[in-house]
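*Asks:* With the first letter of the sequence shown counted as 1, position 63 gets the number 69 in the working numbering; the numbers rise by one all the way through. All residues carry an ideal CB built from backbone N, CA and C; glycine is no exception. Computed from a predicted model, the values in this text were never measured in an experiment.
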Amino acid sequence: MEGTHVVDVPMAPLADEGAPGSRTDGAAQLLRDEIRYLDGVIQSSLARKSVLAARLRSLSGEDDPDEGAETPHT
């Protein structure tokens, strides 16, 4: 997607993460789930932004975003 950069950042383990039934294990999983959900929301929003920007360019007659831009002389 133009103008975006996605970075996958690994989650650092909590002190007792992974201990079955630990409070931090459940909390860590909830945080991971929330992060995955928010990442999906962000990606969806960026895709919608691109669609709307293309529609706006089309409606305003700016189909070619490079049109009118200076070109280097050879």
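1) In the structure shown, what three-state DSSP assignment does GLY67 receive?
2) Could you tell me the alpha carbon to alpha carbon distance between ILE48 and LEU37, rounded to whole angstroms?
3) Suppose you measure from the CA of ALA59 to the CA of ALA33; what does that come to, to the nearest Å?
*Replies:* Quick answer:
1) coil
2) 16 Å
3) 38 Å
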